[in-house]
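**Student:**
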Amino acid sequence: MATTLELEHIRVAARDGACSNAPLEEQTTMPAPCILHRIAEGNPSAMDDFLKQYSGLIWSLARRHSPSPQDAEDAVQEFCMEVWRCAVRVDPNIAAEQTFVELFARRRLIDRARRIGRAPRPEALPEPEVIQADEAPD
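So our numbering is basically just the index in the sequence shown, starting at one, shifted up by 1155.
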């Protein structure tokens, strides 16, 4: 469990664009790879770390942009699959990892809402007319 001081160092590092989750005084010349870089490399534990780090952020965005909790769950699952595919595009020189995750999630959620909004709505078909058969001729 991270202490309050460690959490504050993580927040400062994320705000300043550093990728490492280690406290600043423990960082040496080479920072640890970002979680998204580890996902891009195929590290098996990276997705677990990603979910531990960003699940609250992703869930809150999904709930805010989704009409129901079930839709939010679907959106989070789609987003996580998208992260797995697109993690190679992360450039820590452009934005901090948390910023990338937040903007990427928001864009995907907006795209999803637009896609759902454009989908044709199923309409009930009118009841068929019942045609009475005349008596069959002999």
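Idealized CB from N, CA, C, for every residue including glycine.
Which term fits LEU1191, buried or exposed, when burial requires 16 or more other beta carbons within 10 angstroms of its beta carbon?
**Tutor:** Buried, since its Cβ has 16 or more Cβ neighbours within 10 Å.
**Student:** From CYS1189 to GLU1252, what distance separates their C-alpha atoms?
**Tutor:** Cα-Cα distance, rounded: 7 Å.
**Student:** Measuring straight from C-alpha to C-alpha, what distance separates ALA1227 and GLN1287?
**Tutor:** Cα to Cα, ALA1227 sits roughly 49 Å from GLN1287.
**Student:** Can you grab the Cα-Cα spacing for the pair PRO1275 / ILE1213, in whole Å?
**Tutor:** Whole-angstrom Cα-Cα distance: 28 Å.
**Student:** Since ARG1276 is in the alpha helix (DSSP H), which residue starts that stretch and which ends it?
**Tutor:** Taken as a continuous stretch (DSSP letters only), ARG1276 belongs to no alpha helix (DSSP H), as it is neither H nor E.
**Student:** How would you write the range of the alpha helix (DSSP H) that PRO1224 sits in, first residue to last?
**Tutor:** Element bounds for PRO1224: 1224-1241.
**Student:** Along the chain, where does the alpha helix (DSSP H) that runs through GLN1208 open and close?
**Tutor:** Run containing GLN1208: 1201-1220, per the alpha helix (DSSP H) assignment.
**Student:** Closest to LEU1216 by CA distance: which of GLU1284, ALA1268 and ALA1279 is it?
**Tutor:** For LEU1216, the nearest C-alpha among the options comes from ALA1268.
**Student:** By the DSSP assignment, the alpha helix (DSSP H) with ALA1195 in it spans what residues?
**Tutor:** Counting along the chain, the alpha helix (DSSP H) containing ALA1195 begins and ends at 1190-1195.
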